[in-house]
Amino acid sequence: MIDRYSRQILFSGIGEEGQRKLGNSCVVIIGCGALGTIIATSLVRAGVGKIRIIDRDFIEYHNLQRQVLFDEDDIRSQLPKAIAAERHLKRVNSSVEIEGIVADVNFTNIEGFLHDADIILDGLDNFETRFLINDVSLKHKIPWVYGAAISSVGMTRSIIPGETPCFRCLLANMPGRGTIPTCDTAGVINAAPFILGSLESVEAMKILVGAEEINRDLIVIDVWEGTFDRFKISAHKDCPACHGKYEFLEGEYGLRATSLCGQDAVQVLNPEAGTISLEELAARLKRVGQVTYNEFMLRFTVDTCEMVVFPDGRAIVKNTDDESLARGLYAKYIGT
Ligand SMILES: [Zn+2]
Numbered sequence: 003m004i005d006r007y008s009r010q011i012l013f014s015g016i017g018e019e020g021q022r023k024l025g026n027s028c029v030v031i032i033g034c035g036a037l038g039t040i041i042a043t044s045l046v047r048a049g050v051g052k053i054r055i056i057d058r059d060f061i062e063y064h065n066l067q068r069q070v071l072f073d074e075d076d077i078r079s080q081l082p083k084a085i086a087a088e089r090h091l092k093r094v095n096s097s098v099e100i101e102g103i104v105a106d107v108n109f110t111n112i113e114g115f116l117h118d119a120d121i122i123l124d125g126l127d128n129f130e131t132r133f134l135i136n137d138v139s140l141k142h143k144i145p146w147v148y149g150a151a152i153s154s155v156g157m158t159r160s161i162i163p164g165e166t167p168c169f170r171c172l173l174a175n176m177p178g179r180g181t182i183p184t185c186d187t188a189g190v191i192n193a194a195p196f197i198l199g200s201l202e203s204v205e206a207m208k209i210l211v212g213a214e215e216i217n218r219d220l221i222v223i224d225v226w227e228g229t230f231d232r233f234k235i236s237a238h239k240d241c242p243a244c245h246g247k248y249e250f251l252e253g254e255y256g257l258r259a260t261s262l263c264g265q266d267a268v269q270v271l272n273p274e275a276g277t278i279s280l281e282e283l284a285a286r287l288k289r290v291g292q293v294t295y296n297e298f299m300l301r302f303t304v305d306t307c308e309m310v311v312f313p314d315g316r317a318i319v320k321n322t323d324d325e326s327l328a329r330g331l332y333a334k335y336i337g338t
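Residue 3 is where the sequence shown starts when you use the working numbering, and the numbers rise one by one after that.
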């Protein structure tokens with residue numbers, strides 16, 4: 003086993019002691035898209051002891067452009083991302099304990115997934131679950147690495163409970179819904195998540211071996227412009243999470259999905275949406291599907307998904323009674 007990691011052990015920041023620490027660590031990756039597949043590949047090859055990968059989605063052709071663990075066979079076999087990732091990674095390094103879990107992470111189940119985690123890594127595409135991770139991180143004193151990539155831009159930062167400002171300090175409150183671009187509306191080129199995922203995985207290694215060079219700043223890169231910037235982040239004095247109020251974990255915030263009996267539709271409620279501009283939302287969604295709207299509602303169709311969105315952020319997702327799927331579609335197209 004030492005031979006497998008010999009080049010990494012030679013690196014002074016890791017060494018034999020660092021390698022042992024990696025081997026005794028449990029890493030949880032939430033979200034297995036472009037970022038998640040890069041992080042998982044990197045950490046399985048680097049020899050962390052245990053990796054749990056959680057994702058709610060299946061693989062589609064438009065994922066293959068950037069989600070490096072998956073291939074066309076996985077799509078033909080209709081595999082969920084978490085299972086395909088587990089199978090591929092077990093062939094890369096059989097000495098790592100790899101667990102793929104197909105689930106929608108929410109306030110009712112997140113603590114169960116993280117009970118033995120030494121670090122949490124962000125492979126997500128929505129803010130809501132990141133605020134939830136932030137709550138669990140602070141409550142149980144588990145470090146986590148935030149990372150996001152969209153278009154040609156990505157950003158990352160490490161959050162160490164008790165040492166650094168938290169994620170809610172950074173974004174003092176939820177950004178307004180219906181205004182945030184997602185990969186499904188603004189697009190993404192693969193170099194952005196490739197670099198961001200790599201930064202997240204090296205950050206995980208630093209934290210796990212106890213290195214001092216942990217990234218406390220917000221790093222922002224633009225792979226198209228070729229820029230790399232750092233911003234100092236300070237604590238927010240009114241941050242609820244830093245004061246022990248875990249509002250997302252307590253279920254006070256977040257999307258609520260309810261299947262509408264007998265209608266083959268799910269209603270998604272968004273308590274913090276405020277008023278969203280249907281005009282702006284229409285402009286964004288027109289690039290990916292068919293949109294019609296007036297001042298009262300917006301109707302959006304893409305593939306087999308049809309949804310109706312109201313100015314208060316409420317949506318009806320048609321042709322399904324699957325609440326988790328409806329929340330996912332909402333996060334994908336409306337943005338959270
Ligand atoms: Zn805070």
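C-beta atoms are modelled at their ideal positions from N, C-alpha and C, and glycine is treated no differently. Just so we're clear, the structure is a prediction, and the values are computed from it rather than from any experiment.
Exercise. Is the beta carbon of N167 within less than 7 Å of some heavy atom of ligand 1?
Worked result: It should be noted that the sequence gives Pro, not Asn, for residue 167. Yes; taking the cut-off as 7 Å, the Cβ of P167 has a heavy atom of ligand 1 nearer than that.
For this session: Go ahead and pull the three-state DSSP assignment for I221.
Result: The answer is strand: DSSP assigns I221 an E or B state.
Problem set entry | Beta-carbon gap between K141 and Y248 smaller than 8 Å | yes
For this session: Starting from the C-beta of N321, find all residues in its chain whose C-beta is less than 8 Å away, skip the five residues before and the five after it, and write them out in chain order.
Result: The beta carbon of N321 is closer than 8 Å to those of D266, A267, T306, C307 and E308 in its chain, skipping five residues each way along the sequence.
For this session: Examine the Cβ distances between the segment 59–73 and the segment 33–45 and report whether three or more of them are shorter than 8 Å.
Result: The segment 59–73 is in contact with the segment 33–45.
Exercise. With 16 as the cutoff for other CB atoms within 10 Å, does Y7 come out buried or exposed?
Worked result: buried
For this session: Output the distance between the C-alpha atoms of R179 and G276, rounded to the nearest integer angstrom.
Result: Legend: pLDDT at R179 = 49, less than 50; position of this residue unreliable, value from coordinates given subsequently. The alpha-carbon atoms of R179 and G276 are separated by roughly 8 Å.
For this session: Enumerate in chain order the residues of its own chain whose CB-to-CB distance from R301 is below 6 Å, with the five nearest sequence positions on each side excluded.
Result: T294 and V310
For this session: Using three-state DSSP, classify S160 as helix, strand or coil.
Result: strand
For this session: Could you tell me if the beta carbon of A237 falls within a distance shorter than 7 Å of some heavy atom in ligand 1?
Result: yes
Exercise. Hey, out of G246, T303, I318 and I221, whose CA is closest to C404's CA?
Worked result: Because the chain is modelled from 3 through 338, residue 404 falls outside the range shown and cannot be assessed.
Exercise. Which one of K52, R78 and R54 has the shortest CA to CA distance from F60?
Worked result: With respect to the C-alpha of F60, the residue from K52, R78 and R54 having the closest C-alpha is R78.
For this session: With a threshold of 16 other CB atoms inside 10 Å of the CB of L201, please say whether the residue is buried or exposed.
Result: Answer is buried; the Cβ neighbour count reaches 16.
Exercise. Looking only at C-alpha atoms, which of G33, T43, L81 and A119 sits nearest to I209?
Worked result: I209 has its Cα closest to that of A119, out of G33, T43, L81 and A119.
Exercise. Any heavy atom of ligand 1 closer than 7 Å to the Cβ of R170?
Worked result: yes
For this session: With DSSP collapsed to three states, give me the class of S203.
Result: helix
For this session: Give a single yes or no on whether A267 has its beta carbon closer than 7 Å to a heavy atom of ligand 1.
Result: no
For this session: Can you tell me which of D5, Q10, G20 and I11 puts its alpha carbon nearest to the alpha carbon of E214?
Result: The residue among D5, Q10, G20 and I11 with its C-alpha nearest the C-alpha of E214 is G20.
Problem set entry | Check whether E101 and V147 have beta carbons under 8 Å apart | no
Problem set entry | Burial state of E281 (16 or more Cβ within 10 Å) | exposed
Exercise. What first and last residue would you give for the alpha helix (DSSP H) that runs through Y248?
Worked result: Note, Y248: premise wrong, no alpha helix (DSSP H); not H, not E.
Problem set entry | Sheet register partners of R232 (DSSP bridge) | I221
Exercise. So what does C28 bridge to, in DSSP terms?
Worked result: C28 has K52 as its beta-bridge partners, per DSSP.
Exercise. Say the cut is 7 Å; is the CB of A243 nearer than that to a heavy atom of ligand 1?
Worked result: yes
Exercise. By Cβ distance below 7 Å, which residues in the same chain neighbour L287 in space, the five residues on each side in sequence not counted?
Worked result: T187, V293, F302 and Y335
Exercise. Would DSSP call R179 helix, strand or coil?
Worked result: Confidence at R179 is low in this model, with a pLDDT of 49, below 50, so its placement is unreliable and the value that follows should be read with caution. Of the three classes helix, strand and coil, the one that applies to R179 here is coil, per DSSP.
Exercise. Sorted by chain position, which residues of the same chain lie with C-beta nearer than 7 Å to C185's C-beta, five sequence neighbours on each side aside?
Worked result: Here the set comprises D127 and I152.
Exercise. Taking the alpha helix (DSSP H) that C185 falls in, what are its first and last residues?
Worked result: C185 to A188
For this session: Could you tell me the distance, in whole angstroms, from the CA atom of L257 to the CA atom of L327?
Result: If you draw a straight line from the Cα of L257 to the Cα of L327, it is about 12 Å long.
Exercise. Using the rule of at least 16 other Cβ atoms within 10 Å of the residue's Cβ for burial, across every protein chain shown, is G246 buried or exposed?
Worked result: exposed
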